Amino acid sequence: MRARVAANIDFVVGEIDPRLYGSFIEHLGRAVYSGIYEPGHASADANGFRTDVIDLVRELDVPIVRYPGGNFVSAYNWEDGIGPKEDRPVRLDLAWHTSETNEVGIHEFADWAEAAGTQMMLAVNLGSRGLDEARAFVEYVNHPSGTYWSDLRRKNGREDPWGVKMWCLGNEMDGPWQIGQKTADEYGRLAFETAKALRAYDTSLELVVCGSSTPTMATYPAWEATVLDYTYDSVDYISLHMYFKNHDKDLPRYLSLPAQLDDYIQTVAGIIRMTKAKKRSKRDVYISFDEWNVWYHSEAQDKATLQGEDGWPIAPPLLEDIYDFADVLQVGAILNTFIRRADVVKVGCLAQLVNVIAPIMTVKDGPAWRQTTFWPYYYASRYGRGTALNLALDCPGYDSAVATGVPYLDISAVRAEDGTVAFFCVNRHETEEIALDVALQGLPLSRIVMDKVIAGHALDATNGPGEEPVAPVDGTGAEVVAEPGGGRLTAPIAPLSYRVIRLG
Ligand code: AHR
1 MRARVAANID FVVGEIDPRL YGSFIEHLGR AVYSGIYEPG HASADANGFR TDVIDLVREL
61 DVPIVRYPGG NFVSAYNWED GIGPKEDRPV RLDLAWHTSE TNEVGIHEFA DWAEAAGTQM
121 MLAVNLGSRG LDEARAFVEY VNHPSGTYWS DLRRKNGRED PWGVKMWCLG NEMDGPWQIG
181 QKTADEYGRL AFETAKALRA YDTSLELVVC GSSTPTMATY PAWEATVLDY TYDSVDYISL
241 HMYFKNHDKD LPRYLSLPAQ LDDYIQTVAG IIRMTKAKKR SKRDVYISFD EWNVWYHSEA
301 QDKATLQGED GWPIAPPLLE DIYDFADVLQ VGAILNTFIR RADVVKVGCL AQLVNVIAPI
361 MTVKDGPAWR QTTFWPYYYA SRYGRGTALN LALDCPGYDS AVATGVPYLD ISAVRAEDGT
421 VAFFCVNRHE TEEIALDVAL QGLPLSRIVM DKVIAGHALD ATNGPGEEPV APVDGTGAEV
481 VAEPGGGRLT APIAPLSYRV IRLG
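Take the sequence shown: its position 177, counted from the start at 1, is 177 in UniProt numbering, and no numbers get skipped.
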């Protein structure tokens, strides 16, 4: 099968915000405790953070991490996590049916973020709490000194404010599972008033209002229209979430889900434009896709804990999906979708980062290791920064239960500041190789600077501690021919493969 692609230097989607490759740490399962934080671990630093995990986070070059939840935040008192550790209360975590020791709070997480070389994106609780706690949290985190909350922060050991710019106004407030779920009208009003109060403090904050938890919610997409009607001129982003599942092991259907993702993004982008016109607004609102990932492998094993059969355990294993080779293709195609919509999707958070539906796993008292899905995230984060090119693609496709005309080749391209161009390819076909043929129009590219492939594994092949067989190898057979005005890239893209080719 042949796929013809045209890449033109002047035909672009837009600039990619590096925060498209963000991630997420929630107080959930072992994400924090024995994930990022394990004081007794051989690699722990003076603050109790696992440096083996920090090294892997740095390898991924994660630009921003959302914290502290997730469903957890909707019944969380941020003040429980400040002050001397021995005085901090143990609380029931109603979202995940566990106990929260509060050993890690905002001070510890901020220290971790600094050590991991990432920024914080914080969420306020608009489920069980409201505007007052939100404004106090922002003042505690961002105000220099001379007020109750800022001086309390200083007393607790942090002289300088952290200056956090991005704030999420609650989490998944449309979800029946959410503590303090609201109707779109109730939430829209509360989000508007909260945004007003936070902006009264600092107009430069970047505020994120909750969109739908998934495109299959009964309230989608009316939720977005109502919530934006209340908040359009007060917020900067609307948040979307989506998780990808393959319970039936129907690979063609599974790999076509990014088409549903694309439709979700385009629909919400349309609602944003409609609301802008309705309000005669001069401002733009963008999408913060601040939760996305494959999540289904662990659902059965988590049932007992989530239904309360284990009591209220502290940091039990939860949502510990072990990813396989099929998920590499899926995560690669999802990231391609975000790159192709980088004009409206500015922020993305792979949910989550460590142990909980995560690219990085840990063994308590043991090693940290890379899941299969670490790799497509790694390549997009490292080489997907710059300008997203608007590719023209001509390739045969197929129909699935959820989408029609899904091209067998999923491809995106990013031109970096140094002029190199990375092509990210996924071949969805189970048996046929794709002969990729890219016309490089106006792009002065003459050599292959990197070519990495993940292919040839059983669909259910996984990695584990000390053995990571699903990993990139050097690609072969790619050629670039330079011609006046632009050249040509040709490469064989193996059946069911993920491949990144960088040209310079
Ligand atoms: O990431 C896991 C959970 O998924 C989050 O807590 C919640 O926001 C979503 O439903």
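Where a beta carbon is used, it is the ideal one built from N, C-alpha and C, also for glycine. Here the structure is a predicted model, which means the values were calculated and not measured.
I believe residue i touches residue j by the beta-carbon criterion, under 8 Å. Please report the beta-carbon distance rounded to the nearest angstrom.
i	j	result
residue 454	residue 472	5 Å
residue 242	residue 215	7 Å
residue 239	residue 290	5 Å
residue 329	residue 424	Incorrect: roughly 12 Å between the Cβ atoms, too far for contact.
residue 323	residue 372	5 Å
residue 340	residue 12	In fact, because the Cβ distance is near 11 Å, the residues do not count as touching under 8 Å.
residue 112	residue 49	5 Å
residue 498	residue 376	6 Å
residue 436	residue 392	In fact, because the Cβ distance is near 14 Å, the residues do not count as touching under 8 Å.
residue 134	residue 124	4 Å
residue 369	residue 468	6 Å
residue 402	residue 256	6 Å
residue 477	residue 501	The pair is not a contact, with the Cβ atoms about 11 Å apart (cut-off 8 Å).
residue 438	residue 5	4 Å
residue 347	residue 61	No, residue 347 and residue 61 are not in contact; Cβ-Cβ is about 16 Å, not under 8 Å.
residue 430	residue 495	6 Å
Following a CB-centred definition, is residue i positioned closer than 8 Å to any heavy atom of the ligand SAH?
i	result
residue 241	Ligands in the displayed structure: the ligand AHR; the ligand SAH is not one of them.
Rounded to a whole number of angstroms, what is the C-alpha to C-alpha distance between residue i and residue j?
i	j	result
residue 389	residue 161	38 Å
residue 338	residue 15	12 Å
residue 380	residue 248	28 Å
residue 106	residue 81	6 Å
residue 9	residue 292	30 Å
residue 440	residue 217	42 Å
residue 197	residue 191	10 Å
residue 219	residue 175	9 Å
residue 358	residue 141	27 Å
residue 264	residue 148	43 Å
residue 156	residue 84	8 Å
residue 46	residue 343	42 Å
residue 179	residue 333	33 Å
residue 98	residue 34	15 Å
residue 245	residue 232	32 Å
residue 44	residue 37	8 Å
residue 294	residue 274	31 Å
residue 202	residue 461	49 Å
residue 86	residue 101	10 Å
residue 145	residue 164	15 Å
residue 181	residue 75	11 Å
residue 110	residue 122	10 Å
residue 352	residue 120	14 Å
> Could you give the uninterrupted runs of the beta strand (DSSP E) lying entirely in the region 12-49, keeping only those of 3 residues or more?
Replying inline: 12-15, 22-24
> Do the region 276-292 and the region 49-57 meet, that is, are 3 or more Cβ pairs less than 8 Å apart?
Replying inline: no
> At which residue ranges does the region 409-436 contain complete beta strand (DSSP E) runs of 3 or more residues, listed in the order of the chain?
Replying inline: 409-415, 421-427
> Do the region 363-376 and the region 65-81 meet, that is, are 3 or more Cβ pairs less than 8 Å apart?
Replying inline: no
> Just checking, does the region 303-310 make contact with the region 4-24 on the three C-beta pairs under 8 Å criterion?
Replying inline: no
> At which residue ranges does the region 124-198 contain complete beta strand (DSSP E) runs of 3 or more residues, listed in the order of the chain?
Replying inline: 166-169
> Between the region 190-208 and the region 161-170, do at least 3 Cβ pairs fall closer than 8 Å?
Replying inline: yes
>> Across the region 430-448 and the region 30-37, are there enough close Cβ pairs to call them in contact, namely three or more that are closer than 8 Å?
In response: no
> In the region 64-106, which residue ranges form an unbroken beta strand (DSSP E) of at least 3 residues, counting only runs that do not cross its ends?
Replying inline: 64-67, 91-93, 98-100
> Is the region 472-482 touching the region 312-322, taking contact as three or more C-beta pairs under 8 Å?
Replying inline: no
> For the region 323-376, which segments carrying the alpha helix (DSSP H) assignment without a break, of at least 4 residues, lie completely within its bounds, in sequence order?
Replying inline: 325-340
> What are the complete alpha helix (DSSP H) segments, minimum 4 residues, inside the region 209-275?
Replying inline: 222-231
>> Restricting to runs no shorter than 4 residues, where is the alpha helix (DSSP H) found entirely within the region 297-327?
In response: 299-306
>> Threshold first: 3 residues or longer. Then list the beta strand (DSSP E) segments lying entirely within the region 438-484, N to C.
In response: 448-455, 479-481
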